[in-house]
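These notes are about the structure you will find just below.
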Amino acid sequence: MSVIATEELTKRFPRVTALDRLTVEVPTGVTGLVGANGAGKSTLIKILLGLAPATEGRAQVLGMDVRTDGPAIRERVGYMPEHDCLPADVSATEFVMHMARMSGLPSTAARERTADTLRHVGLYEERYRPIGGYSTGMKQRVKLAQALVHDPQLVLLDEPTNGLDPVGRDEMLDLIRRVHTDFGISVLVTSHLLGELERTCDHVVVVDGGKLLRAQATREFTRTTGVFTVEVDALADGSDGTDETHRALAELGLPVERDGRLLHVTVDDERGYDLIRDAVDGLGVGLVRLQQRRHRIAEVFTKENAGV
Ligand SMILES: Nc1ncnc2c1ncn2[C@@H]1O[C@H](COP(=O)(O)OP(=O)(O)OP(=O)(O)O)[C@@H](O)[C@H]1O
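When you number the sequence shown by full-length UniProt numbering, it's gap-free, plus one each residue, and the end is 308.
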């Protein structure tokens, strides 16, 4: 089932087209929306929340039309904005509780949900201190907490790792993953960093200049290739063994490319390991490495973008 669906969605500002006939479906789970600065990510989020009108096209969130169902969408969707938007002089507890009340929770439920949510995002004693004294990582956690406090079905997170150091970034990505695994909430998370998405997201949507470049399951991006990397030990007589292995594999009719001591062998996925192991074993050389190569997302995009 898709949580978001857009059709020919277009947003034109006087001097720039921020979204250009974008047609995309976002399924349940964790989806990364990736694109360079200015690609149109924040504009898309604002349209999905019913906060800004599209110039043309249609969009649905949880089956509701963004043009007519803005309030109902915002009841069921949480939003974490990109920029710093927190009041400095109140505590995380006061702020998140206020947001819970704003979304219609009665005061006891709001208090309980606030405590649970702040604990979930990893804010403990410090939640009673004014937000103005928080680190960037703590502020990002408060922003995430206010997006989750009303128990939405879907959260839209705009650049949640912005400004975080590598450790903070990893912690935030783990937290985002757990929003889905622990609570079943679907997530659309924007980023301009491809590498972040590989382990966090089930799906990836790539936009560039307001246009859809690609939308796919992450495992499709990182699917295994039919290329195996082989490295062997030197032979007993001192020769390096790589030449012999190269020859033996080529005699089996396999395309082999040599790269120093490494051999890259292209072979059908299922037979690859057995064929190569048997060939090496027949030569009496020791196998140091036999590895199937995987695509990395960045590698796929680099190749694609080179052709754009
Ligand atoms: N209110 C506005 N008026 C005019 N142009 C705008 C407005 N909002 C966004 N734009 C332009 O639309 C384009 C897309 O902006 P958007 O903020 O959606 O990109 P983004 O992918 O979210 O990038 P970033 O990560 O930098 O926020 C940019 O060229 C931006 O300058």
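Ideal Cβ positions, reconstructed from N, Cα and C, are used throughout, including at glycine.
**OP:** Indicate whether Met-64 and Ala-52 have their beta-carbon atoms separated by less than 7 Å.
**Re:** Cβ atoms of Met-64 and Ala-52: not closer than 7 Å.
Original post:
Got a sec? Which residues, its chain only, sit under 7 Å from Thr-117 by beta carbon, not counting five neighbours each side?
Top reply: Val-96, Ala-145, Leu-148, Val-149
Original post:
Per DSSP, Glu-257 forms a beta bridge with which residues?
Top reply: His-264
Subject >> Close-in-space but distant-in-sequence residues of the same chain around Thr-245 (CB under 8 Å, 5 per side omitted) >> reply: Contacts found: Val-230, Val-232, Leu-263, Ala-279, Val-280, Leu-283, Val-285.
Original post:
Which one of Cys-201, Leu-164, Arg-258 has the shortest CA to CA distance from Ala-217?
Top reply: Cys-201
Subject >> Option nearest Gly-57 by Cα separation, candidates Thr-6, Leu-249, Leu-86, Arg-15 >> reply: Checked all of Thr-6, Leu-249, Leu-86, Arg-15; the closest Cα to Gly-57 is Thr-6.
Original post:
Where does Gly-307 land, buried or exposed, given buried means 16+ other C-beta within 10 angstroms?
Top reply: Reliability of the predicted coordinates at Gly-307 is poor, the pLDDT of 38 falling under 50, and no value is obtained from them.
Original post:
If you count every other CB in all the chains shown that lies within 10 Å of the CB of Leu-252, and 16 or more means buried, which is it?
Top reply: exposed
Original post:
Can you name the start and end residues of the beta strand (DSSP E) that Ile-4 belongs to?
Top reply: 2-12
**OP:** Whole angstroms is fine: what's the gap from Lys-143's alpha carbon to Thr-266's?
**Re:** 48 Å
Subject >> For Glu-171, the nearest candidate out of Gly-137, His-192, Pro-152 (CA to CA) >> reply: Gly-137
**OP:** Return helix, strand or coil for Tyr-79, following the three-state DSSP convention.
**Re:** Under the three-state reduction of DSSP output, Tyr-79 falls in the strand class.
**OP:** Tell me whether Val-16 counts as near ligand 1, meaning its Cβ is closer than 6 Å to at least one heavy atom of that ligand.
**Re:** If you check the C-beta of Val-16 against ligand 1, you find a heavy atom less than 6 Å away.
Original post:
Can you name the start and end residues of the alpha helix (DSSP H) that Ala-109 belongs to?
Top reply: 107-120
**OP:** Indicate whether at least one CB of chain C lies closer than 7 Å to the CB of Glu-198.
**Re:** Given the protein chain composition of this structure (a single chain), no chain C is represented.
Original post:
When DSSP builds the beta bridges, which residues end up paired with Ser-191?
Top reply: Per DSSP, the beta bridge partners of Ser-191 are Val-34.
**OP:** Would you check whether ligand 1 has a heavy atom nearer than 6 Å to the C-beta of Lys-211?
**Re:** no
Original post:
For Asp-84, which three-state DSSP category applies?
Top reply: Reduced to three states, the DSSP call for Asp-84 is coil.
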